[in-house]
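Colleague: First to last, the protein sequences are chains X and G.
Per this note's numbering, the very first residue in the first sequence carries number 1; after that it's consecutive.
Per this note's numbering, the very first residue in the second sequence carries number 1; after that it's consecutive.
Have a look at the structure that comes next, please.
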Amino acid sequence: MEPTRDTHYTLVDLLDRVLDKGVVLYADVIVSVAGIPLIGVNLRAALAGMETMLSYGVMQEWDQRIRAERSEIGKQGELPLAAGEQVKLRVYGSHYYSEGIYNAWRLGYFYVTDRRVVLYQTAFNGTLFETPLEAITGLAIQRDNHSFSDSQRENLCLSLSNGNIVLLHALDVHKLREAIEDGMNALGLATREIQALPVLDQGTARFLGKDEEVIYRGKMWHMMELPVPGATTTDTWRAGHLYITNSRLCWWYDFDEKVLFEVPLEAITAVAAETRQLGPMLKKDRVLDVIYETEQGKRVACFSGDELPQWEKALKEIIAQQGAVTNEEDVETCPRCGKEAPVRELLERGCGRCGWVSPRLKKQVPEIASG
Amino acid sequence: MPQDDKAQLASMDEVETLITGQGRYLYCVANSGERVSLGPIGIDGSNVYTIPYQNICAVVHKCPAEPYQSTEREMVNSWVLAHQKVVDEAWERWGTVLPLGFDTIVMDKDGVGPEKNVRNWLRNDYDNLKSKLEKVRGKAEYGIQIFWEPHVIAQSLAKTSPEISELEEEMKSKSRGVAYLYKQKLENALKREVEAKADQCFRDFYERIRRHIDNIVVEKTKPGDQNTQMIMNLSCLLARDKTAELGEELEKINSMEGFSVRFTGPWPPYSFVGT
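So this is what it looks like as structure tokens:
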């Protein structure tokens, strides 16, 4: 058998090598993004564009200087300005857009000029959000404390003269706020703190009981069993938000805007995560099974989503506090060769097949060796 | 010497890069102190040349100090292929190279131009680079990926495993309801057998391959297509002219029922120069 370099498969093989490997130059003279060297996953994300990197949270500390250098080089798609209009600040950020069931953070560049605030998408030259400075009646910084991924995230809320409150986000929302306030002051406008902050998603306020508080909140898919005429039931995955409050676990169905699943925290007896086929049209993904007691016996509710590991951890902690037993025999796959083995075995002894050892264990070994 | 004269000594290209804020895209380090232009063979037809320090050099082109990025897969592929082409060219010319990963760009910093920063890197890291060059001299990297067809393996295991044939025998005499439970038992038993077989194959193949090579890195396996599953993914370092024996060994594995092997290379030693 001869080695080959010229088939479709060898291109994949080559990409893996060129994108993930090679001599690594750890020096501050390397073009990096926010101090993150462009290797492996970071490089793959960077190749897909800065916006992708930012939305994947690769760059938590966005480096203004590199951004400035970049904008100097590629001056395409700038916001069209009125005659005499001056840009005071231009930063990357997003605006919370909500229309019916559709809601999303839309990304673009904030332009704070001497007359208005605009969120401009340079890729397709579109304005995502715009308000004259005169229309701003109040400002406030709001921190999101309930979400797993965004616990440190701060948003800037602007109340507008039409009664709306808008949510804006940038890596430095304080700087964005300052620029807007400076602009307002220069026009002789008073800047006020908003007193009543909006609830991040409007649903929460409506279903929370008296003295009930949200501990965690996040997007999660839920498998609903729908009755089908003629047959028994069919499984369907629906998009919504999962909540842990101080009394219950519940899931808010975005489309119907109501709580469709709820269980008191003390009724939850176990959680387990495993990879499963989500349905004929969907890809395989991790599914979180929440097992709980009802008067009719044990039931299982299934959830899936990006933050599944955090939910699993949070729920396990809650169960542990209640003295229930968690499932110790969780099976995981080895991150290197894919062998299935109990989580504990993988973490404490490494993979019996390919010899993979968890980074934490690797760190321990030299520590023990050195004394 | 007066200050002015000192300034005059700075090479003109560095003065230029200070003004334009340019960078140097790095392809590889080669074991030659030659200062030479390789022509417009780089990414997007850039002019590739060497920056020497003593008896080693960096192979580079001039570019803006920003990463190459694109959402177009074809674009990325063509850049990576161009990167590889330059590394190959240097490899051909000087025999030994240390390839760098894609998008490694040295920029100017605190008034020091990129050209000088590349040279500083070669100087500061000289011993390390030199010893790495020594380690990979005359050698190349080869990719070995071993696949199996799980259902073929499972079939043959079902025939040979005493536990499974026993269960199958028992199942025949049971009612339909009980037989269903047996079916599940059988599936679980088979799954365990397949996993055990994978462990055994991994060890066996690893040992057989290791005898023919100088160094080995176990890589992540990747999803296969519908009927095949990758059970091993290795990067191996060995002398460029010593692939015949390894090839024979791989041929043996390739001809086993339900198994197939992909053997790629020779590649520059990407997997053996990292840290």
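Idealized CB from N, CA, C, for every residue including glycine.
#1: With 16 as the cutoff for other CB atoms within 10 Å, does X:Phe255 come out buried or exposed?
#2: For the beta strand (DSSP E) that contains X:Gly297, what are its first and last residues?
#3: Let me check understanding here. Comparing Cα to Cα, which of G:Gln145, G:Glu207, G:Asn77 lies closest to G:Asp103?
#4: So with Cβ pairs under 9 Å, would you call X:Cys354 a contact of chain G?
#5: State the Cα-Cα distance for the pair X:Val117 and G:Glu66, rounded to the nearest angstrom.
#6: Between X:Glu78 and chain G, is the shortest Cβ-Cβ distance under 9 Å, so that the two count as touching?
#7: Given that a residue counts as buried once 16 or more other Cβ atoms are within 10 Å of its Cβ, and exposed if not, what is G:Asp5?
#8: Go through the stretch 137 to 183 of chain G residue by residue and report every complete run of the beta strand (DSSP E) that reaches 3 residues or more, in order.
#9: Select from X:Trp221, X:Val300, X:Leu260, X:Ser94 the residue whose C-alpha is nearest the C-alpha of X:Val271.
#10: Excluding sequence positions up to five away, which residues of its chain have a Cβ less than 6 Å from the Cβ of X:Ile30?
#11: Taking C-beta to C-beta, are X:Phe129 and X:Leu168 nearer than 9 Å?
#12: To the nearest angstrom, how far is the alpha carbon of X:His372 from that of X:Arg238?
#13: Using three-state DSSP, classify X:Trp356 as helix, strand or coil.
#14: Can you check whether the C-beta of G:Tyr270 is within less than 9 Å of a C-beta belonging to chain X?
#15: For a contact defined as C-beta to C-beta under 8 Å, what are the partners of G:Lys174 on chain X?
#16: Consider the Cβ of X:Leu347: report whether some Cβ of chain G lies at a distance smaller than 9 Å.
#17: Please classify G:Met256 as buried or exposed, where buried requires at least 16 neighbouring CB atoms within 10 angstroms.
#18: Considering Cα atoms alone, identify which of X:Glu178, X:Ser161, X:Asn162, X:Ser304 is closest to X:Glu141.
#19: What is the residue span of the alpha helix (DSSP H) that G:Glu248 lies within?
#20: Taking X:Trp311 as the reference, give the member of X:Tyr243, X:Ala83, X:Ala190 with the closest Cα.
#21: Mind checking the stretch 193 to 208 of chain G against chain X and listing, in chain order, the residues whose C-beta falls within less than 7 Å of any C-beta there?
#22: If contacts are defined as beta-carbon pairs under 8 Å, then G:Glu141 and G:Trp267 qualify, I think. What distance do you get, rounded to the angstrom?
#23: For X:Ala324, would you say it is in contact with chain G, using Cβ-to-Cβ distances shorter than 9 Å as the test?
#24: Can you tell me which of X:His95, X:Leu81, X:Thr113, X:Trp105 puts its alpha carbon nearest to the alpha carbon of X:Leu89?
#25: Jot down the residue ranges of each uninterrupted beta strand (DSSP E) in the stretch 151 to 225 of chain X, minimum 3 residues, whole runs only, in chain order.
#26: Please confirm if X:Leu361 has its CB atom under 9 Å from at least one CB of chain G.
#27: Bridge partners for G:His288 per DSSP, in chain order?
#28: When DSSP builds the beta bridges, which residues end up paired with X:His241?
#29: Can you list, in chain order, the residues of its chain with a C-beta nearer than 6 Å to that of G:Tyr49? Leave out the 5 residues immediately preceding and following it.
#30: Give me the Cα-Cα distance between G:Met232 and X:Leu11, rounded to the nearest whole angstrom.
#31: Chain G beta carbons: is any one of them nearer than 9 Å to that of X:Ile73?
#32: Mind checking if X:Leu193 is an interface residue toward chain G, Cβ cutoff 9 Å exclusive?
#33: Using only CA atoms, which one of X:Val24, X:Glu154, X:Glu2, X:Arg286 lies nearest to G:Ser271?
#34: Suppose you measure from the CA of G:Asp241 to the CA of G:Arg123; what does that come to, to the nearest Å?
#35: Check distances from the C-beta atoms of the stretch 245 to 258 of chain G to those of chain X and list, in chain order, the residues that come in under 8 Å.
#36: I believe X:Met224 touches X:His241 by the beta-carbon criterion, under 8 Å. Please report the beta-carbon distance rounded to the nearest angstrom.
Modeller: Quick look at the numbers:
#1: Here residue 255 of chain X refers to the residue found at position 255 when the first sequence is read from its first residue. Around the Cβ of X:Phe255, a 10 Å sphere holds fewer than 16 other Cβ atoms; the residue is exposed.
#2: Along the first sequence, one-based indexing puts residue 297 of chain X at 297. That run of the beta strand (DSSP E) goes 297 to 304.
#3: Counting from one through the second sequence, the residue named residue 103 of chain G turns up at place 103. Ranking G:Gln145, G:Glu207, G:Asn77 by Cα distance to G:Asp103 puts G:Asn77 first.
#4: For the purposes of this step, residue 354 of chain X is taken as residue 354 along the first sequence, with counting starting at 1. Yes, because at least one Cβ of chain G sits closer than 9 Å to the Cβ of X:Cys354.
#5: Here residue 117 of chain X refers to the residue found at position 117 of the first sequence. Here residue 66 of chain G refers to the residue found at position 66 of the second sequence. Each residue's alpha carbon lies about 28 Å from the other.
#6: Within the first sequence, residue 78 of chain X is the residue found at index 78, counting from 1. No, its Cβ sits nowhere closer than 9 Å to a Cβ of chain G.
#7: For the purposes of this step, residue 5 of chain G is taken as residue 5 along the second sequence, with counting starting at 1. Because the pLDDT at G:Asp5 is just 45, under 50, the model does not fix this residue reliably, and the value given afterwards should be weighed accordingly. The residue is exposed, with fewer than 16 neighbouring Cβ atoms inside 10 Å.
#8: With a minimum length of 3 residues, the continuous beta strand (DSSP E) runs that stay inside the stretch 137 to 183 of chain G are 139 to 148.
#9: Translated into positions along the first sequence, residue 271 of chain X becomes position 271. For X:Val271, the nearest C-alpha among the options comes from X:Val300.
#10: Your numbering for residue 30 of chain X matches position 30 in the first sequence. Around X:Ile30: no qualifying Cβ.
#11: By one-based count along the first sequence, residue 129 of chain X stands at place 129. By one-based count along the first sequence, residue 168 of chain X stands at place 168. The answer is yes: Cβ separation under 9 Å.
#12: Beyond the ends of chain X as shown, which are 1 and 371, falls residue 372 of chain X; an answer cannot be given.
#13: Reading the first sequence from its first residue, position 356 is the one you call residue 356 of chain X. In the structure shown, X:Trp356 sits in coil (DSSP, three-state: anything other than H, G, I, E or B).
#14: As a working mapping, residue 270 of chain G is identified with position 270 in the second sequence. Using a CB distance cut-off of 9 Å, G:Tyr270 counts as an interface residue toward chain X.
#15: On the second sequence, residue 174 of chain G is found 174 positions in, with the first residue counted as 1. For a Cβ distance threshold of 8 Å, nothing in chain X lies close to G:Lys174: the least Cβ distance comes to about 27 Å.
#16: As a working mapping, residue 347 of chain X is identified with position 347 in the first sequence. So no, X:Leu347 is outside the interface.
#17: What you label residue 256 of chain G is simply residue 256 of the second sequence in a count that begins at 1. Under this definition G:Met256 is an exposed residue.
#18: Reading the first sequence from its first residue, position 141 is the one you call residue 141 of chain X. Note that residue 141 of chain X is Ile in the sequence shown here, rather than Glu. Minimum Cα distance to X:Ile141 is reached at X:Glu178.
#19: By one-based count along the second sequence, residue 248 of chain G stands at place 248. Where G:Glu248 is concerned, the enclosing alpha helix (DSSP H) stretches over 243 to 254.
#20: What you label residue 311 of chain X is simply residue 311 of the first sequence in a count that begins at 1. The alpha carbon of X:Trp311 has as its nearest neighbour, out of X:Tyr243, X:Ala83, X:Ala190, the alpha carbon of X:Tyr243.
#21: Taking 7 Å as the Cβ-Cβ cut-off, the stretch 193 to 208 of chain G approaches chain X at Glu195, Ala198, Asp199, Phe202, given in chain order.
#22: What you label residue 141 of chain G is simply residue 141 of the second sequence in a count that begins at 1. What you label residue 267 of chain G is simply residue 267 of the second sequence in a count that begins at 1. Right, the Cβ-Cβ distance comes to about 4 Å (below 8 Å), so this counts as a contact.
#23: The count along the first sequence starts at 1 and reaches residue 324 of chain X at position 324. Caution is warranted here: a pLDDT of 39 is assigned to X:Ala324, below 50, making its placement in the model unreliable, and the coordinate value is therefore given only provisionally. Residue contact check for X:Ala324 against chain G: no CB pair falls below 9 Å.
#24: Along the first sequence, one-based indexing puts residue 89 of chain X at 89. The residue with the shortest Cα to Cα distance from X:Leu89 is X:Thr113.
#25: Within the stretch 151 to 225 of chain X, the beta strand (DSSP E) runs of at least 3 residues that lie entirely inside it are, in chain order, 154 to 160, 165 to 170.
#26: Here residue 361 of chain X refers to the residue found at position 361 of the first sequence. X:Leu361 does not count as touching chain G.
#27: No information on residue 288 of chain G is available, as it lies outside the stretch 1 to 275 that chain G covers here.
#28: Here residue 241 of chain X is taken as the residue at index 241 of the first sequence, counted from 1. Beta-bridge pairing links X:His241 to X:Lys219, X:Trp252.
#29: Indexing the second sequence from 1 puts residue 49 of chain G at position 49. Ser37.
#30: Numbered from 1 along the second sequence, position 232 holds the residue referred to as residue 232 of chain G. Numbered from 1 along the first sequence, position 11 holds the residue referred to as residue 11 of chain X. If you take the alpha carbons of G:Met232 and X:Leu11, they lie about 18 Å apart.
#31: Translated into positions along the first sequence, residue 73 of chain X becomes position 73. Residue placement at X:Ile73 cannot be trusted, given a pLDDT of 40 that sits under 50; what the coordinates show is reported in the next sentence. Closer than 9 Å: yes.
#32: Position 193 of the first sequence, counted from the start, is the residue given in the question as residue 193 of chain X. Note that residue 193 of chain X is Glu in the sequence shown, not Leu. False, the Cβ-Cβ gap to chain G never drops below 9 Å.
#33: As a working note, residue 271 of chain G is residue 271 in the second sequence. Nearest Cα to G:Ser271 within the set X:Val24, X:Glu154, X:Glu2, X:Arg286: X:Val24.
#34: Walking along the second sequence from the start, residue 241 of chain G turns up at place 241. Walking along the second sequence from the start, residue 123 of chain G turns up at place 123. C-alpha of G:Asp241 to C-alpha of G:Arg123: approximately 32 Å in a straight line.
#35: Going along the stretch 245 to 258 of chain G in chain order, one finds Gly247, Glu248, Leu250, Glu251, Asn254 with a Cβ nearer than 8 Å to chain X.
#36: Here residue 224 of chain X corresponds to residue number 224 of the first sequence, with the count starting at 1. Here residue 241 of chain X corresponds to residue number 241 of the first sequence, with the count starting at 1. Their Cβ separation, rounded to whole angstroms, is 14 Å, which puts X:Met224 and X:His241 out of contact at 8 Å.
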